[in-house]
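Remarks on the structure that follows.
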Amino acid sequence: MLELDSLHRRFGDVVALDGLSFAVPAGEVFGFLGPNGSGKSTTMRAVLRLVALDGGEVRWNGHTYGFEACRRIGYMPEERGLYPGMRVIDQIVYLARLHGMAHPAAVAAAASWLERLGVAERAGDKVEALSLGNQQRVQLAAALVHDPELLVLDEPFSGLDPVGVDDLATVLSERARAGATVLFSSHQLDLVEHLCESVAIVSRGRCVATGSVRDLVRGGHPRLVVGVDGDSTGAWAATLTGVEVARNDHGRLRLVLADGVDPQSVLQTAMGHGRVEHFAFESRRLSEVFLEAVGEPVDAAAVPA
Amino acid sequence: MIDVRATRLVAGREIREQLRGRAIWISTAISIIALALLVVLPKVLSSGPPTYRIGVVGTESATMKATISAAATSAGARATEVAVADHDSAVTRLRTKGAEHLDLAVDLSGSGSVVVDRQISADDVSRHALTAAALARAVGTAKAVEASGLTPAAAHALTNAPSLPIDFIRPAPASFSKRGVALAGAIIFYILVLRYGFGLLMGVVQEKSTRVIEVILSAVRPVDLLSGKVLGSATMVLSQGLLLVATVVVAAAASGSNVLRQTGFGVLGVAFLWVVLGFFLYAALFTAAGSLASRTEDAQSAGLPVQIPLFLGYFAAFSSLGAAGPTGLLKALAYIPFTAPMDMPVLAAVGGATAWQVVLSMAITLVTIVVTMRLATIIFSRSILRTGRRLKARQILREHARPVG
């Protein structure tokens, strides 16, 4: 388990981390969410010991750790970077060796990861000759090659085409099943909801919500999705009391029910206006949880837990 | 303190990537060829003494024959003597090309004379002119001896009297060739340091600007990265230096040049040691300077402060070449570690420093290397992950230390 315990860091007048705490359970794919500038990258750098903390500590399996332990982490920084003039295979082998692998093992692992990520035929090319998408795949191979027990990936999905996104999602789940802990940041909330068991949402250097995705999306008011045939404006819902129309997708309404409103009465009203072609209970989307958590005034978020 | 494995991996990558480029092979080949030519050419151009056909007018005694050939030898030429009937035919044959051609003529009749085609100017030091002068002197003496009626033994004793010894008050200043080696050392140092120093600087700037540095530093401490880069470059410089020294030795041996006899392996060894010491000093500085820049555009200006002492030392070494003795500037710079690798060898060559003074200067340089490496490591560690504006070394050093790693 990776524990971040009240991390503090300021750069001049800018407070990057303001008592940030959350824990990443071992063997899970964990999503790390937050608006730009909320401290995600600084947090990840702190896990890699690339940023010195003003306060707080990072623990792995219950202990703070030194530089040597960082070699067992696979890291993909926010700003991608590889040696532009170095051959792809040499680059991956070099990074594998820096992380402590012996030469033959490094060569074998590099070749197999390039194969797995679909860039094996570019192994002999210089990195600068590759497309951005392929460079991203090579960067992933660099993070994965030494079989790390903890993966820290800053926006790993950005810049990938849908096939690449799918490949990476599969790889990350696979790594977690093999026992690795995966922490990654992303703005693609639907993807995070689909891929992660747990998430942490940060805002202004603090963790504003964390827990399993299932728990986070539960709670709140009951939601219904109702579609009435032939009524694309959703005018029928105007007569309902205690029901808010959150969204209208071509006549398919997403309704948020106030306390005490009976879903059956909503169904009856709908049936009175035409043939009901769709009726379903729905939980909150992660994006709603996110907006709610981050949209709170900062004063409220700063109330001591 | 230093992680040997990581340092070696970094150094290995630096060397491999350098050797992969074509530039290194071309520049090495050019310098080897240039240096070999420098050693071999003077020897080849002055290849062997020329053979002159010397016409002799009048009856020639055995002694005179020996005198003529000895005179030619003393002027660095060989003589093929040809009997000529009279003065006029000698004059004709001096102006004829082909088999009948004479290079010089000696007329033994009467008071005697040496005849050449064209008048010899006073400042002519060609082999031909020297031979004519030597013949004129030797034949004149021989004729005087013949006329005096002295016994051959007495005449020989007179004309071959031993020279007086030349006593001296102070020992000679170093030979020109020693100065040459010292200056060549300074030039090679300047070129190697500029080339590999800027190579290091650009390498660091590239790692920063491409952001690969963050991935590297997640596995390697800054001190190991810096050490590995400096060691990798030093290995390149060392092998280049050894290759150049080997070129000189092999070329000298193959062509029979006397370059090595005049200077000796000791001088070459000391020059090599200075290159190595000075390189470590400048390598640390260039690497630290590189870590202060974030973009390729800043690289040149970041390297400028490091270039100033380098150029100053180079300039001082050059300007001392013609001077009769050591200048005050040279004496001062020979003990300043950043200029000593270029200026101390020159100072020693012009006779301005004894062996222990050279050792003292080396010791000062060595201490400075240790201090500079420390400072460079601090600057490097604190600035390597920062991007944006170009950073100032003083500001970085003054910052409150945040231990990382």
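In order, the protein sequence lines correspond to chains A and B.
Heads up: the first sequence is residues 0 to 304, going by numbering that gives the first Met the number 0.
Heads up: the second sequence is residues 0 to 404, going by numbering that gives the first Met the number 0.
Cβ coordinates follow ideal geometry from the N, Cα and C atoms, glycine included.
| query | result |
| --- | --- |
| Those residues which DSSP pairs with Thr-79 of chain B across a bridge | B:Arg-52 |
| Every unbroken alpha helix (DSSP H) inside the stretch 171 to 195 of chain A [4 residues or more] | 188 to 194 |
| Residue(s) in a DSSP beta bridge with Asp-209 of chain A | Reading off the sequence shown, one finds Thr at residue 209 of chain A, where the question assumed Asp. Partner(s): A:Ala-199. |
| Under 7 Å from the C-beta of Met-85 of chain A: neighbouring residues of chain B | Glu-16 |
| Secondary structure, beta strand (DSSP E): runs of 3+ residues fully inside the stretch 0 to 68 of chain A | 1 to 10, 13 to 23, 28 to 32 and 54 to 59 |
| Contacts that Val-275 of chain B makes with chain A (C-beta to C-beta distance below 8 Å) | Neighbours of Val-275 of chain B on chain A: none; closest Cβ ~27 Å, over 8 Å. |
| Element boundaries [beta strand (DSSP E), containing Tyr-74 of chain A] | 72 to 75 |
| Candidates A:Val-118, A:Ala-140, A:Val-14 and A:Leu-150, of which the one nearest Ala-177 of chain A by Cα | A:Leu-150 |
| Residue-chain proximity (Thr-364 of chain B, chain A), Cβ-Cβ < 9 Å | no |
| Complete runs of the beta strand (DSSP E) confined to the stretch 73 to 161 of chain B [at least 3 residues] | 77 to 83, 103 to 106 and 112 to 114 |
| Test: Arg-416 of chain B CB closer than 9 Å to a CB of chain A | An answer regarding residue 416 of chain B cannot be provided, because it is not within the stretch 0 to 404 covered by chain B. |
| Beta-carbon spacing of Val-115 of chain B, Ala-98 of chain B below 9 Å | no |
| Distance between Arg-8 of chain A and Ala-236 of chain A (C-alpha atoms, nearest Å) | 50 Å |
| DSSP state of Lys-177 of chain B mapped onto helix, strand, coil | helix |
| Per-residue DSSP class, three states only, for Pro-249 of chain A | In the sequence on display, residue 249 of chain A carries His and not Pro. The answer is coil: DSSP assigns His-249 of chain A none of H, G, I, E or B. |
| Same chain, Cβ closer than 8 Å to Leu-52 of chain A, neighbours up to 5 away in sequence not counted | Leu-6, His-7, Arg-8, Leu-16 and Ala-45 |
| Sequence-distant residues of its chain with Cβ nearer than 6 Å to Glu-127 of chain A (five each side left out) | Pro-83 |
| Rounded separation between Ser-290 of chain B and Val-211 of chain B - CA only | 13 Å |
| Reduced DSSP secondary structure (H/G/I, E/B, other) of Lys-207 of chain B | helix |
| Min CB distance Ala-141 of chain A to chain B below 9 Å | yes |
| Closer than 9 Å to chain B by CB, Leu-19 of chain A | no |
| is_contact[Ala-10 of chain B, chain A] using C-beta, thresh 9 Å | no |
| Beta-carbon contacts of Arg-79 of chain A that lie in its chain and below 6 Å, excluding the five residues immediately before and after | Gln-138 |
| Bounding residues of the beta strand (DSSP E) (the contiguous stretch that carries Ala-352 of chain B) | No beta strand (DSSP E) holds Ala-352 of chain B; DSSP gives it neither H nor E. |
| Environment of Glu-213 of chain B [buried if 16+ CB atoms lie within 10 Å] | buried |
| Positions along the stretch 221 to 242 of chain B whose CB lies within less than 7 Å of some CB in chain A | none |
| Beta-ladder partner(s) of Thr-98 of chain A, from DSSP | The amino acid occupying residue 98 of chain A in the given sequence is His; Thr does not appear at that position. Looking at the DSSP assignment, His-98 of chain A forms no beta bridge with any residue, so it has no partner. |
| Candidates B:Ser-120, B:Met-201 and B:Thr-158: closest to Val-138 of chain B by CA position | B:Thr-158 |
| Assigned exposure category for Ile-88 of chain A - 16 Cβ within 10 Å defines buried | buried |
| Simplified DSSP state of Lys-125 of chain A, which is helix, strand or coil | strand |
| Within-9 Å CB hit, Thr-89 of chain A to chain B | For clarity, residue 89 of chain A is Asp in the given sequence; the question names Thr instead. Closer than 9 Å to some Cβ of chain B, the Cβ of Asp-89 of chain A qualifies, so yes. |
| Own chain partners of Phe-31 of chain A with C-beta closer than 8 Å, once the 5 adjacent residues on each side are dropped | Lys-39, Thr-42, Met-43, Leu-182, Phe-183, Ser-184, Ser-185, Val-198, Ala-199 and Val-201 |
| Own chain residues within Cβ distance below 6 Å of Val-403 of chain B, not counting five before or after | The pLDDT assigned to Val-403 of chain B is 43, lower than 50, so where the model puts this residue is not dependable; a value taken from the coordinates is nonetheless given after this. Nothing listed; no residue qualifies. |
| Cross-strand partners of Phe-407 of chain B (DSSP beta bridge) | Only positions 0 to 404 of chain B appear in this structure, which leaves residue 407 of chain B out of reach. |
| For Thr-130 of chain B and Ile-119 of chain B, the rounded distance between their alpha carbons | 11 Å |
| Chain B within 9 Å of Pro-303 of chain A, Cβ atoms only | The predicted position of Pro-303 of chain A is uncertain, since its pLDDT is 38 and thus under 50; no value can be drawn from it. |
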